[in-house]
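In what follows, a structure is listed as structure tokens, so that the remarks can point back to it.
Printed below as a string of structure tokens:
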């Protein structure tokens, strides 16, 4: 476990080594993403922060909090329903017109639901989109800006000067918890024929695992972290029946086992900036650099636990990888993106 004091010491050091960072927080008006954005504002000079979400009032409150913490922070709200991939593209296009580089893409969108297949205009399940497809679309669309950030050499001293990182917060191990098989149905990756909430959770997790692993191979100057947050009090229950009552009851019962939201923000800022999760091109195989998801130290893709450690190798996930999961997931995802683009073309 990376002790909280070590996390806080690292984050405090960002004031001198990480000026003018540009960051995008998807799902950034509440929960872990907002807590991490506030931590970034607290610990870095003059950050430029984009919050992507649906609620203008929530964004106004978030930006006010950010400015009270750091008046030099520049915060911009981009309102969008990102369950539609065309809206993801529109948000990315706005960012690309305003920025020449991007240091951090941080993503948490999603929710719990009891509803079954909930089809979007793209022909995909809404929950699956938020947990996987929209996130990976942000990655592919913003990679040119992330690559530009990695190429910078004059923004300041230290490894964070050319920070280029993607953090997706979900759970890289959910498919093998409680005896799960850790397998993918390669004949129905989007689950149009075999959908269930359990399969959706497993597929979103596994596909995120292997897509990010593939991106680390293709883009060695950017690092990719799939992070498990543990239990954190957020708005994830908002779409369940009696959500307010349920949240209040569970908050009391589970509070001894929960990670406080402020600590979660600090820990996720560590995951988003620490040299422990270095890109593959850094060539670091010693020191504190973590073991990557493929078992190679410093591989550029990391499946991280809430406490800053990486998950150990898992036989079931290794077997799925050996079945060509990285290549098959990337091919499927690119085909879905291409199909959606054709449907909206004039």
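In the working numbering, the protein residues as written are 14 to 359.
Using N, Cα and C, we set each Cβ at its ideal position, and we do this for glycine too.
Three-state secondary structure (DSSP) of residue i
i, result
"residue 26", "helix"
"residue 96", "coil"
"residue 89", "strand"
"residue 59", "coil"
"residue 231", "helix"
"residue 167", "Because the pLDDT at residue 167 is just 49, under 50, the model does not fix this residue reliably, and the value given afterwards should be weighed accordingly. Coil, per DSSP."
"residue 81", "helix"
"residue 187", "helix"
"residue 152", "helix"
"residue 241", "coil"
"residue 278", "helix"
"residue 310", "strand"
"residue 219", "helix"
"residue 249", "Residue placement at residue 249 is flagged as unreliable, the pLDDT there being 49, under the threshold of 50; a coordinate-derived value is accordingly withheld."
"residue 315", "strand"
"residue 197", "coil"
"residue 331", "helix"
"residue 355", "helix"
"residue 118", "strand"
"residue 67", "coil"
"residue 38", "strand"
"residue 112", "coil"
"residue 179", "strand"
"residue 138", "strand"
"residue 304", "strand"
"residue 236", "strand"
"residue 323", "strand"
"residue 339", "helix"
"residue 15", "coil"
Integer-rounded CB distance, given that residue j should sit under 8 Å from residue i
i, j, result
"residue 14", "residue 320", "4 Å"
"residue 45", "residue 227", "About 25 Å separates the two Cβ atoms, so there is no contact after all."
"residue 34", "residue 118", "12 Å between Cβ atoms; not a contact."
"residue 292", "residue 163", "7 Å"
Other residues of its chain near residue i: CB distance less than 7 Å, five sequence neighbours each side excluded
i, result
"residue 54", "60, 62, 79, 82, 83 and 86"
"residue 305", "311, 312, 313, 314 and 315"
"residue 251", "Note that residue 251 scores a pLDDT of 49, beneath 50, so its modelled location is shaky and nothing firm can be said."
"residue 68", "42"
"residue 339", "223, 226 and 227"
"residue 24", "52, 56, 279, 282 and 283"
"residue 323", "303, 304, 315, 316 and 317"
"residue 71", "42 and 43"
"residue 20", "279, 280, 283 and 321"
6 Å CB neighbourhood of residue i in its chain, flanking five on each side removed
i, result
"residue 98", "135, 150 and 353"
"residue 243", "272 and 319"
"residue 109", "none"
"residue 266", "Note that residue 266 scores 45 on pLDDT, short of 50, meaning its location in the model is unreliable; the coordinates nonetheless yield the value given after this. Within the same chain, residue 266 has no close Cβ partners at all."
"residue 350", "none"
"residue 341", "199"
"residue 356", "none"
Sequence-distant residues of the same chain with beta carbon closer than 8 Å to residue i, five excluded per side
i, result
"residue 143", "95, 96, 122, 123 and 124"
"residue 221", "144, 145, 148, 149, 181, 183, 185 and 239"
"residue 161", "113, 114 and 115"
"residue 17", "276, 279 and 280"
"residue 40", "46, 65, 66, 120, 121, 122 and 123"
"residue 76", "64, 88 and 90"
Reference residue i, options the options, closest by Cα
i, options, result
"residue 29", "57, 45, 38 and 206", "57"
"residue 188", "64, 206, 211 and 176", "211"
"residue 22", "286, 347, 74 and 126", "286"
"residue 102", "156, 140, 72 and 74", "156"
"residue 126", "139, 350 and 133", "139"
"residue 107", "224, 73, 68 and 37", "37"
"residue 307", "327, 165 and 205", "327"
"residue 206", "66, 158, 317 and 137", "137"
"residue 224", "202, 208 and 88", "202"
"residue 231", "241, 109 and 159", "159"
"residue 208", "177, 40, 163 and 132", "132"
"residue 336", "128, 200, 204 and 356", "200"
"residue 120", "71, 66 and 73", "66"
"residue 32", "175, 241, 71 and 20", "175"
"residue 345", "295, 20, 204 and 177", "204"
"residue 295", "229, 130 and 27", "229"
- Message: Taking 8 Å as the cut-off, does the segment 235 to 243 touch the segment 201 to 216 (at least 3 CB pairs, one atom from each stretch)?
- Response: no
- Message: Under 8 Å, with one C-beta from each stretch per pair, do the segment 87 to 94 and the segment 143 to 161 reach the 3-pair mark?
- Response: no
- Query: Three or more C-beta pairs closer than 8 Å, one from the segment 194 to 208 and one from the segment 328 to 342: is that the case here?
  - Reply: yes
- Message: Whether or not the segment 42 to 53 and the segment 277 to 291 are in contact is what I'm after, with contact meaning three or more pairs of Cβ atoms, one per stretch, closer than 8 Å; do they touch?
- Response: yes
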